[in-house]
Amino acid sequence: MTGELDRAGLARLHDAMAGRVDKGELPGLVTLVAKGDDVQVDAIGCTAFGGDVPMRRDTLFRIASMTKPVIATATMMLVEDGRLSLDEPVDRLLPELADRRVLKQVDGPLDETVPAHRPILVEDLLTFRLGFGTITEPSFDPPFPINKAVHELQLVLGAPDPRTPHEPDEWIKRFGSLPLMYQPGERWQYNVGTLVLGVLVARAAGQPLGDFFRARIFEPLGMTETGFWLPADYTRRLPSHYMTDFQSGKMELRTVSTPSEWSSPPAFPSGSSGLLSTADDFLAFARLLLAKGVHRGERLLSEASVDLMTTNHLTPEQISTGGMLLGGRGWGLGMSVAVEPDEISPVPGRYGWDGGYGTTWFNDPQHDLVAVALTQTSDFMWNGGLDEFAKLAIEAAGSAR
């Protein structure tokens with residue numbers, strides 16, 4: 001790989017991120033920008049407000065929804081192995097989801113349903129069009145009967161914390177007891193597809209999800225500090241998690257997830273948001289996709305699979321109903337795809353995804369760029385920090401190759 005980052009651009013990126021730390025928007029973060037062999041890592045601030053532990057290049061983070069591209073990669077490996085097919089119904093391995101019923105109205109009673117027009121396909125899980133997921137209208141998680149049932153069943157369909165108490169087989173059994181919200185293929189809805197996919201991938205692989213990730217992705221890529229759990233010596237390095245309370249307007253320490261909870265295997269390894277990782281580990285994963293499936297001369301994933309993952313599969317209407325979650329972007333398999341010029345870049349084509357704890361990653365093939373920013377302050381997602389990082393990272397990559 002060749003190419004070089006612009007030093008003046010990197011300085012502007014550092015000054016902008018350090019300025020946000022100085023203003024108290026977040027205690028610290030780690031940024032990584034790579035173009036070809038030129039990899040620049042910037043560790044700024046500390047792991048906690050008022051703390052004395054500095055952010056470091058090897059600081060461990062809860063990467064939350066940046067887990068989604070990883071499980072999409074695992075799925076495509078199984079497709080290439082012949083163990084799955086994108087256009088096959090999930091019923092073969094997930095009989096709990098056969099013969100689906102669909103709510104007549106998403107806010108209606110659970111017993112007012114119609115038959116699904118067709119089965120849920122493997123591709124529906126990857127594109128978040130299985131017919132079940134986050135409801136954003138009229139608000140997030142409105143008190144509809146279907147959402148009340150989700151809470152009563154302890155399915156934990158949103159954030160990674162608190163963790164679901166159920167093993168995968170019990171989880172999918174409970175999930176299968178509910179009707180779908182919409183017809184399969186009809187609408188993009190966030191998050192649930194990759195939760196279901198975690199059960200499917202483990203069954204297709206014939207081994208626990210974490211073991212399959214380790215054997216096929218983490219070990220080949222040298223990702224030694226990535227997993228659904230890591231030894232306590234590692235998890236002690238996890239930064240504190242902060243988020244503003246929207247009622248009080250004050251940033252608060254969130255204690256729903258402690259380092260000790262990440263030092264033992266979870267009952268339900270979440271394919272949506274369950275991984276820990278570091279900047280350099282995720283760089284290795286991102287480079288695999290940027291290189292169209294090749295790592296150090298060895299092909300781990302076909303170019304055709306990478307193209308499917310990084311190409312938009314949604315209609316304009318489905319993009320529009322994605323609201324603030326998609327922000328006008330399209331969706332490939334397990335990640336977003338910029339389909340139009342936007343405020344971040346006049347050149348479409350970048351792909352990646354963010355994590356709700358305050359993490360982000362994208363590849364920009366036009367600039368041979370990998371960009372990663374990791375913090376544990378959720379405000380970074382919506383206070384302008386994430387967009388500023390992305391725009392300045394692309395500027396530091398210089399002109400398109």
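Residue numbers (this note's numbering): 1 to 401.
Ideal Cβ placement from N, Cα and C applies to all residues, glycine included.
Treat the numbers as computed from the prediction; the structure is a model and nothing was measured.
Ordered along the chain, which non-local residues of its own chain (more than five positions away) have a Cβ less than 8 Å from that of Pro-435? The chain is shown from 1 up to 401; residue 435 falls before or after that span and cannot be answered.
>> Three Cβ pairs or more, each shorter than 8 Å: is that satisfied between the segment 97-113 and the segment 72-86?
In response: Short answer: they don't touch.
Checklist entry - For Ser-257, does the three-state DSSP call read helix, strand or coil? => result Coil at Ser-257, not helix or strand.
Residues that DSSP places opposite Ala-180 in a beta bridge | Note that residue 180 is Leu in the sequence shown, not Ala. Bridge partners of Leu-180: Val-102.
| message | Along the chain, where does the beta strand (DSSP E) containing Tyr-351 start, and where does it finish? | response | According to the DSSP assignment, Tyr-351 belongs to the beta strand (DSSP E) that extends over 351-355.
query: Which residues mark the beginning and the end of the beta strand (DSSP E) in which Lys-35 is found?
result: Unbroken beta strand (DSSP E) run through Lys-35: 28-35.
Secondary structure at Leu-275, three-state DSSP: helix, strand or coil?
-> It is a strand residue.
Q: Given a cut-off of 7 Å, decide if Ser-65 and Ser-273 are closer than it, judged by their beta-carbon atoms.
A: Going by C-beta atoms, Ser-273 is nearer than 7 Å to Ser-65.
| Who does Arg-62 pair with in a DSSP beta bridge? | Bridge partners of Arg-62: Leu-276.
Exercise. CA-CA distance, Ala-267 and Trp-229?
Worked result: Taking the CA atoms as reference points, Ala-267 sits about 11 Å from Trp-229.
Quiz item: Hey, is the segment 250-268 in contact with the segment 161-173, meaning 3+ C-beta pairs nearer than 8 Å?
Solution: Verdict: yes, contact present.
inquiry  = So the candidates are Gly-210, Trp-262, Thr-244 and Arg-203; which of them puts its Cα closest to the Cα of Pro-231?
reply    = Sorting Gly-210, Trp-262, Thr-244 and Arg-203 by C-alpha distance to the C-alpha of Pro-231 places Trp-262 at the top.
In terms of residue numbering, what span does the beta strand (DSSP E) encompassing Thr-73 cover? For Thr-73, no beta strand (DSSP E) run applies; the uninterrupted alpha helix (DSSP H) run containing it begins and ends at 68-81, by DSSP.
Cβ shell of Asp-52 (< 7 Å), same chain only, five flanking positions each side left out | Apart from the 5 residues on each side of it in sequence, Asp-52 sits with its Cβ closer than 7 Å to the Cβ of Cys-46 in its chain, given in chain order.
Can you give me the Cβ contacts of Ala-400 inside the same chain, cut-off strictly under 8 Å, excluding the 5 residues immediately before and after it?
Summary for Ala-400: the model assigns pLDDT 47, below 50, so the residue's position carries little reliability, and this model does not support an answer.
Practice item. Starting from the C-beta of Tyr-234, find all residues in its chain whose C-beta is less than 7 Å away, skip the five residues before and the five after it, and write them out in chain order. Key: Within the same chain, Leu-60 and Glu-225 come within 7 Å of Tyr-234 by CB-CB distance, once the 5 residues on both sides are set aside.
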